[in-house]
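*Asks:* Using the working numbering, the first residue of the sequence shown is number 89, and each one after it goes up by one.
For every residue, glycine included, the Cβ atom is placed at its ideal position computed from N, Cα and C.
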Amino acid sequence: LHRVIAQSAAGFSGPFAVVLARREHRSGRLRTPLRILVPVSGTSVSRRGAELAVALARGSRGSVTALHIAGRNTRPPLRRRLGALFGRQQEVYEEPSNNPITDEIVQLARAYSVNVRSVVRSHRDAQTAILREIGAGRHDMFVMGVSPRPGDPLNFGDVASVLLERAQCSLVFLAAEPS
Numbered sequence: 089l090h091r092v093i094a095q096s097a098a099g100f101s102g103p104f105a106v107v108l109a110r111r112e113h114r115s116g117r118l119r120t121p122l123r124i125l126v127p128v129s130g131t132s133v134s135r136r137g138a139e140l141a142v143a144l145a146r147g148s149r150g151s152v153t154a155l156h157i158a159g160r161n162t163r164p165p166l167r168r169r170l171g172a173l174f175g176r177q178q179e180v181y182e183e184p185s186n187n188p189i190t191d192e193i194v195q196l197a198r199a200y201s202v203n204v205r206s207v208v209r210s211h212r213d214a215q216t217a218i219l220r221e222i223g224a225g226r227h228d229m230f231v232m233g234v235s236p237r238p239g240d241p242l243n244f245g246d247v248a249s250v251l252l253e254r255a256q257c258s259l260v261f262l263a264a265e266p267s
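1. Can you list, in chain order, the residues of its chain with a C-beta nearer than 7 Å to that of T190? Leave out the 5 residues immediately preceding and following it.
2. Please classify E112: is it buried, with 16 or more other beta-carbons within 10 angstroms of its beta-carbon, or exposed?
3. Could you give the C-beta distance for V231 and L262, rounded to a whole number, given that I count them as a contact under 8 Å?
4. Note down the Cα distance separating F244 from A145, rounded to an integer number of angstroms.
5. What first and last residue would you give for the alpha helix (DSSP H) that runs through A263?
6. Helix, strand or coil: which one does DSSP assign to V133?
7. Using DSSP with H/G/I as helix, E/B as strand and the rest coil, what is G233?
8. Give me the Cα-Cα distance between R149 and P121, rounded to the nearest whole angstrom.
9. Nearest-angstrom Cα distance between G102 and A264?
10. Locate the beta strand (DSSP E) running through A158, then write down its first and last residues.
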């Protein structure tokens, strides 16, 4: 992470968030509902990120998309394997959204009357799936629960690093648990 952000965060012994405003959020005058993407994995860290996303969406009268990225542990269909031979492999495909990991967040959002959508994607790397979903869903904010990695400088992992560099939407990284 940027050196100034790392120095600021180092002063906190408890939970903290790193917020980066991008595009229309930089002016501070945005009055439209937020369209928030939050990745969920079933861990307490991702749950805290989802709770924050729901609270932000409720406050803005916005919506949340709960994204679960499932690993590829089955062989892809023959059509996809043949397409790969000819350079036409479709790397991301949608799976049914009745998933216990996303269902928990759907129930949470509905309890607070927040519009919510559940998406499950299979992809070999999370950052590519997230970046594609940000664009496809026209999300203007991305919220993720993170665990700071030990050491100096402050590091939230590879996915957060790639999103800092490449995501076009505003970013919120919530470190809610001790590192």
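*Replies:* According to the data block:
1. In the sequence shown, residue 190 corresponds to position 102, counting from 1. Only V128, A154, H156, S206, V208 meet the Cβ criterion.
2. Translated into positions along the sequence shown, residue 112 becomes position 24. When all chains shown are included, E112 counts as exposed.
3. In the sequence shown, counting from the first residue as 1, residue 231 sits at position 143. In the sequence shown, counting from the first residue as 1, residue 262 sits at position 174. Contact holds; Cβ gap of about 7 Å.
4. Translated into the one-based positions of the sequence shown, residue 244 becomes position 156. Translated into the one-based positions of the sequence shown, residue 145 becomes position 57. Approximately 23 Å, taken between the alpha carbons.
5. Along the sequence shown, one-based indexing puts residue 263 at 175. Careful: A263 lies outside any alpha helix (DSSP H), inside the beta strand (DSSP E) at 258-263.
6. As a first step, residue 133 must be located in the sequence shown, where it is residue number 45. Three-state DSSP puts V133 in a helix.
7. Counting from one through the sequence shown, the residue named residue 233 turns up at place 145. Strand at G233.
8. One-based indexing of the sequence shown puts residue 149 at position 61. One-based indexing of the sequence shown puts residue 121 at position 33. Going by the C-alpha atoms only, they are around 5 Å apart.
9. As a working note, residue 102 is residue 14 in the sequence shown. As a working note, residue 264 is residue 176 in the sequence shown. Taking the straight line joining both Cα atoms gives about 7 Å.
10. If you number the sequence shown from 1, residue 158 lands on position 70. It spans 151-158 - the beta strand (DSSP E) in which A158 sits, taken as one unbroken run.
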